[in-house]
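Residue numbers (my numbering): 1327 to 1710.
Beta carbons are placed, not taken as given, at the ideal position from N, Cα and C, and that holds for glycine.
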Ligand SMILES: *Cc1c(COP(=O)(O)O)cnc(C)c1O
């Protein structure tokens, strides 16, 4: 058997496919020397807002900053509570603690790995101000029931769309579903810059205006500081790269969906759980995550075959040492805890070749035979 190296993501392959345009865009910024809030920032903001089907976008320096600035712009701070999920990247929760608010966590649905809407109402208190559903792995959370609850209790809904550029929920783009949305352009995201970057997307022009002030030391006019702001601007060089990449995003997402479909078909007979895509969602497969009850062994085995995999995420937020002060304990979010020990993210990027996908599945098949792998308990689909 010939060993093939399959990386988890391959940013070089993508750069090779757009090199001329990227190099030219960067050279243009160097020629204009408008490095801070230059032409490309505004150009990217309007293109990205239009892409998302929202009124406006504000470029910031990371997905984390996007979340933090949305919370600040809503005046959310000490004494307030913000609800999100235990199964997410830590930045979602760090943005809440950064503004001094208290994160209230809920568990996720075992089928979609996204917010379990059933648990939402029981954690709402008089201090609750906002809900942050996370569109994890590129698949939108079930937004309609979340929005309905939010409307009833007068709460803001902030989408963490950092993994879901271009995803659809019932025909609408991620980023256009809640009151405001945060995107990350971390290099490995579906739309990635060549460094850090992020954006707030919203239909609320007043909110966007406050975020523009907050990201730029509180000034609209140079040296006139209306409010105490921060420095969280999107870099012009990054915006120029993003302008080149955005027109390719739909094709790249379509390639990811084809790869996911190939994985689904080839893995069908094997004792692993493949991702479920409910009919309300069109996932953009930022990650292709399977579940197995011998995860660590499978990961090691694949590594021997030359296949790189990832864990998203190996420890749920409530069990991270950084959040010990929240007072959660093992057993509080059983689905998130179980997922953290069963999930395995397989190689996934638009340039991944069909032969490589076949090779990955062949390795998983060989592992299943070697260890007589059994199927993890399958749960049933919940929600409508
Ligand atoms: C990547 C990511 C973030 C944060 O993005 P950065 O740009 O790295 O700050 C937040 N939430 C989720 C779910 C993410 O995947």
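Using only CA atoms, which one of the options lies nearest to residue i?
| i | options | result |
| --- | --- | --- |
| residue 1397 | 1411, 1429 and 1412 | 1429 |
| residue 1680 | 1432, 1488, 1451 and 1591 | 1591 |
| residue 1433 | 1447, 1513, 1422 and 1420 | 1447 |
| residue 1462 | 1490, 1474 and 1470 | 1490 |
| residue 1318 | 1649, 1692, 1641 and 1678 | The requested residue 1318 is not part of the displayed model; the chain covers only 1327 to 1710. |
| residue 1268 | 1355, 1453 and 1412 | Because residue 1268 is not part of the residues shown, which for the chain are 1327 to 1710, the question remains open. |
| residue 1388 | 1588, 1561 and 1575 | 1561 |
| residue 1683 | 1635, 1669, 1698 and 1657 | 1635 |
| residue 1332 | 1702, 1419, 1643 and 1685 | 1685 |
| residue 1347 | 1470, 1549, 1480 and 1571 | 1571 |
| residue 1521 | 1568, 1662 and 1625 | 1568 |
| residue 1595 | 1701, 1390 and 1620 | 1701 |
Given this structure, state the Cα-to-Cα distance separating residue i from residue j, to the nearest angstrom.
| i | j | result |
| --- | --- | --- |
| residue 1459 | residue 1607 | 14 Å |
| residue 1687 | residue 1673 | 11 Å |
| residue 1372 | residue 1530 | 14 Å |
| residue 1604 | residue 1631 | 32 Å |
| residue 1382 | residue 1485 | 15 Å |
| residue 1565 | residue 1538 | 16 Å |
| residue 1394 | residue 1424 | 7 Å |
| residue 1693 | residue 1601 | 20 Å |
| residue 1403 | residue 1426 | 5 Å |
| residue 1706 | residue 1665 | In this prediction, residue 1706 has a pLDDT of 46, which is less than 50 and means its spatial position is unreliable; what the coordinates show is noted afterwards. Approximately 15 Å, taken between the alpha carbons. |
| residue 1357 | residue 1364 | 12 Å |
| residue 1696 | residue 1627 | 10 Å |
| residue 1721 | residue 1610 | Residue numbering for the chain in the displayed model covers 1327 to 1710; residue 1721 lies beyond these limits and cannot be assessed. |
| residue 1440 | residue 1359 | 43 Å |
| residue 1513 | residue 1351 | 17 Å |
| residue 1335 | residue 1472 | 32 Å |
| residue 1663 | residue 1410 | 15 Å |
| residue 1519 | residue 1556 | 22 Å |
From which residue to which residue does the alpha helix (DSSP H) around residue i run?
| i | result |
| --- | --- |
| residue 1388 | Where residue 1388 is concerned, there is no enclosing alpha helix (DSSP H), given that its DSSP letter is neither H nor E. |
| residue 1552 | Per DSSP, residue 1552 belongs to no alpha helix (DSSP H) and is neither H nor E. |
| residue 1483 | Where residue 1483 is concerned, there is no enclosing alpha helix (DSSP H), although the beta strand (DSSP E) it sits in stretches over 1482 to 1486. |
| residue 1603 | That residue, residue 1603, is in no alpha helix (DSSP H); it is neither H nor E in DSSP. |
Using a threshold of 8 Å, state whether the C-beta atoms of residue i and residue j are closer than that.
| i | j | result |
| --- | --- | --- |
| residue 1690 | residue 1593 | yes |
| residue 1497 | residue 1487 | no |
| residue 1342 | residue 1406 | no |
| residue 1464 | residue 1612 | yes |
| residue 1380 | residue 1598 | no |
What span of residues does the beta strand (DSSP E) with residue i cover, start to end?
| i | result |
| --- | --- |
| residue 1671 | 1669 to 1672 |
| residue 1614 | 1614 to 1617 |
| residue 1539 | Element bounds for residue 1539: not the beta strand (DSSP E) but the alpha helix (DSSP H), 1531 to 1541. |
| residue 1510 | 1506 to 1510 |
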